[in-house]
Amino acid sequence: MKLIPCPICGERAEIEFTYGGQAGLTRPADPAATTEAEWGAFLYARENPKGMHRERWRHIHGCGQFFNLTRDTVTDRFIP
Amino acid sequence: MSHPDKPYIPDRNKVAPMDRFSLAKLLRQGFAGQTGWGAQWRAPERPEAAYDVVIVGGGGHGLATAYYLAKEHNIRRVAVIERGWIGGGNTGRNTTIIRSNYLMPESAALYDHSVKLWETLSQQLNYNVMYSPRGVLMLAHNVHDVQSAMRHIHANRLAGVDNEWLDPAQVKAFCPPLNVGGPLRYPILGGALQRRGGTARHDAVAWGFARAASALGVDIVQNCAVTGLKRDATGAISGVETTRGDIACKKVGVVAAGHTSVVMAMAGVRMPLESYPLQALVSEPVKPAFPCVVMSNTIHAYISQSDKGEMVIGAGTDAYTSYSQTGGLHIATQTLDAICELVPQFRRLRMLRNWGGIVDLSPDRSPILSKTDVAGLYVNSGWGTGGFKATPGSGNVFAHTIAHDEPHPINAPFSLARFDTGLLIDEAAAAAVAH
Ligand SMILES: Cc1cc2nc3c(=O)[nH]c(=O)nc-3n(C[C@H](O)[C@H](O)[C@H](O)COP(=O)(O)OP(=O)(O)OC[C@H]3O[C@@H](n4cnc5c(N)ncnc54)[C@H](O)[C@@H]3O)c2cc1C
Ligand SMILES: [Zn+2]
Chain A
1 MKLIPCPICG ERAEIEFTYG GQAGLTRPAD PAATTEAEWG AFLYARENPK
51 GMHRERWRHI HGCGQFFNLT RDTVTDRFIP
Chain B
1001 MSHPDKPYIP DRNKVAPMDR FSLAKLLRQG FAGQTGWGAQ WRAPERPEAA
1051 YDVVIVGGGG HGLATAYYLA KEHNIRRVAV IERGWIGGGN TGRNTTIIRS
1101 NYLMPESAAL YDHSVKLWET LSQQLNYNVM YSPRGVLMLA HNVHDVQSAM
1151 RHIHANRLAG VDNEWLDPAQ VKAFCPPLNV GGPLRYPILG GALQRRGGTA
1201 RHDAVAWGFA RAASALGVDI VQNCAVTGLK RDATGAISGV ETTRGDIACK
1251 KVGVVAAGHT SVVMAMAGVR MPLESYPLQA LVSEPVKPAF PCVVMSNTIH
1301 AYISQSDKGE MVIGAGTDAY TSYSQTGGLH IATQTLDAIC ELVPQFRRLR
1351 MLRNWGGIVD LSPDRSPILS KTDVAGLYVN SGWGTGGFKA TPGSGNVFAH
1401 TIAHDEPHPI NAPFSLARFD TGLLIDEAAA AAVAH
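As they're listed, the protein sequences go chains A and B. 58 is the number that our numbering gives to position 58 of the first sequence; each next residue is one higher, with no gaps. If you want our numbering, it's the 1-based position in the second sequence plus 1000.
Here you go:
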């Protein structure tokens, strides 16, 4: 099984983790001034790259920590 | 990039009419030891310098789109550009379940349009796609499943789509191998049956559409990847760049399944899609032992028996996005554990092969068949774990969208704009499993 590096516990089996998708999405600061298209982009549009992906993980069945990792989505290897 | 050799220019008026299959021909070939069958579609080495429409992706949906463009809209200067071989993507990797019992009226209309086309597709294409409406039975294992099945059944009936409830005894009668009444972790409390549902032969669907499209003048270019989308000064599509030369065209239809985000990024369009591995596996072939298609959303499993005799089994998606084309082994193991409980005699089957495909999941788990903000760029994607069933219908309405620069009424709700307006077609909760 794939091992995922938790910054606190070290490498643990992938079934201990939940995946949180693309990292670094920021909620529009001023909702009233945000257009429908901007909301749509924030909520739904994703990079979905074939290659390096900065992504969110949580060690939910371990220490509970949230953290970000970079992964190559072709080989599934994490890039330090 | 220019054409390395002299460009390939077929005379579209002289494209040979389809060499139709018939009983007489079958007999003649039988006596000739099956040595006289020619190639079933033209396979130009490289694209021409210009087309009216270029389709990116030679899966079932791309080939069907090209076929209906030529057949129903008389647009024949069409190229289907395929990176690998036709049908080598999800079309050739899926478990071929066909059904139309979706919850939302928009979905039921789209998928049922497709089921109606399946019913006569072999005759239409003069190619046996082996559509087999043997019934799709979706099992219920707990109170929530039963309520959800009932809601689907009533919604489908109102939408004119067949779907009926079977109690446990009726389930057992319809599919005797199922362990009904056994002491299961997920007992069988009944099931929703769509009798018109079933399966078809995946490769035959790609080949049948390719053959029929080719006979109408469509060029199918394999081993040719699209590497760029070109725009003119107004921002409109002016052509595509490929590994076998550039093509000038005013309209491009992107039908690239798991690679849609990658292709659309070539025109700067960000898609509401994420690509996940989804896997399937087949057993050694055995005698006919499983009469219908059985699905279970709760335990993430679906089963049917192919005409060759293999048990075809589908598992769930991986937990994270990837383009690796392999699924996690623990995902398949979970599915097999559950299936061996449901059908105890499968414990002694040996599994022969397993593989993965990359599926493009949309936020509401409904497809996107749409115009885009880029003039001349159209996208057919988001079919995720369940688009094989929609192959003919999808190609049919997408061809209309490209030909008229306006969606067909059936695919109008499946626009990209719905992610801005919030008018989602939420099948996510309804079908949390591949199918
Ligand atoms: C394991 C598995 C089981 C499934 N089970 C079912 C099921 O039971 N029932 C069901 O209805 N659906 C099922 N599906 C989903 C179904 O397979 C897909 O929705 C459907 O086949 C998509 O067809 P398509 O033609 O859009 O995509 P594909 O067949 O994937 O075709 C897309 C093509 O685009 C090509 N391409 C990509 N990038 C480029 C480029 N840059 N240039 C040129 N070509 C490119 C690819 O090579 C590929 O051939 C399953 C999928 C999988 C993976
Ligand atoms: Zn941890």
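We put the CB at the ideal spot given by N, CA and C, even for glycine.
Asked, Found
"Cβ of Thr34(A) within 9 angstroms of any chain B Cβ", "no"
"Residue ranges of each alpha helix (DSSP H) within the segment 1400-1434 of chain B, 4 or longer", "1418-1421"
"Chain A contact for Pro1272(B) (CB, 9 angstroms cutoff)", "yes"
"Separation of Gly1382(B) from Gly1393(B), as counted between CA atoms", "15 angstroms"
"Beta carbon of His1144(B) nearer than 9 angstroms to that of Pro1187(B)", "no"
"Classification of Ser1322(B) by the beta-carbon crowding that lies within 10 angstroms, buried from 16 upward", "buried"
"Collapsed DSSP secondary structure at Cys1175(B) in the structure displayed", "coil"
"Gly20(A) CB to nearest heavy atom of ligand 2 below 8 angstroms", "no"
"Whole-angstrom C-beta distance between Thr18(A) and Arg58(A), which should lie under 8 angstroms", "5 angstroms"
"Cβ distance (whole Å) where Ser1304(B) is taken to contact Thr1199(B) below 8 angstroms", "5 angstroms"
"Whole-Å CB distance - Ile1081(B) paired with Val1255(B), under 8 angstroms assumed", "The pair is not a contact, with the Cβ atoms about 10 angstroms apart (cut-off 8 angstroms)."
"Residues, ordered as in the chain, of the segment 1322-1334 of chain B that lie near chain A by beta-carbon distance below 8 angstroms", "Ser1322, Tyr1323, Ser1324, Gly1328, Leu1329 and His1330"
"Under the three-state DSSP convention, the category Phe66(A) falls into", "strand"
"Test: Ala1265(B) CB closer than 9 angstroms to a CB of chain A", "yes"
"Closer than 9 angstroms to chain A by CB, Tyr1378(B)", "no"
"Own chain partners of Pro1004(B) with C-beta closer than 6 angstroms, once the 5 adjacent residues on each side are dropped", "At Pro1004(B) the pLDDT is 45, less than 50, meaning the model places this residue with poor confidence; the figure from the coordinates comes in the next sentence. Counting only Cβ-Cβ distances below 6 angstroms, and skipping sequence neighbours, we find nothing."
"Contacts that Pro1363(B) makes with chain A (C-beta to C-beta distance below 8 angstroms)", "Leu43 and Tyr44"
"Nearest-angstrom beta carbon gap, Ala1315(B) and Gln1279(B) [assumed within contact, 8 angstroms]", "5 angstroms"
"Nearest candidate by alpha-carbon position, reference Ala1070(B), set Ala1417(B), Tyr1102(B) and Phe1398(B)", "Phe1398(B)"
"Distance CB(Val1221(B))-CB(Ala1332(B)) smaller than 9 angstroms", "no"
"CB contact check: Gly1422(B) to chain A, cutoff 9 angstroms", "yes"
"Cys1249(B) classed as buried or exposed, judged by whether at least 16 other C-beta atoms fall within 10 angstroms", "buried"
"Touching by the beta-carbon criterion (3+ pairs, under 8 angstroms), the segment 1262-1282 of chain B and the segment 1305-1313 of chain B", "yes"
"For His53(A), the residue or residues it bridges with in DSSP", "Arg71(A)"
"Any chain A beta carbon closer than 9 angstroms to Ala1432(B)", "Bear in mind that a pLDDT of 48 at Ala1432(B), under 50, signals an unreliable position, so the number given afterwards is only what the model happens to contain. No, because no Cβ of chain A sits closer than 9 angstroms to the Cβ of Ala1432(B)."
"Integer Cβ distance of His1519(B) from Ile1410(B), believed to fall under 8 angstroms", "Outside the modelled stretch of chain B, which goes from 1001 to 1435, sits residue 1519(B), for which no answer is possible."
"Where Lys1440(B) falls, given that 16 or more other Cβ within 10 Å makes a residue buried", "What the structure shows of chain B is the stretch from 1001 to 1435, and residue 1440(B) is not part of that stretch, so it cannot be assessed."
"Three-state class that DSSP yields for Pro1105(B) in the structure shown", "helix"
"Three CB pairs or more closer than 8 angstroms across the segment 1197-1216 of chain B and the segment 1058-1073 of chain B", "yes"
"Contact test: Arg12(A) Cβ vs ligand 2 heavy atom, cutoff 8 angstroms", "yes"
"Segment limits, beta strand (DSSP E) that includes Thr1227(B)", "Val1226 to Arg1231"
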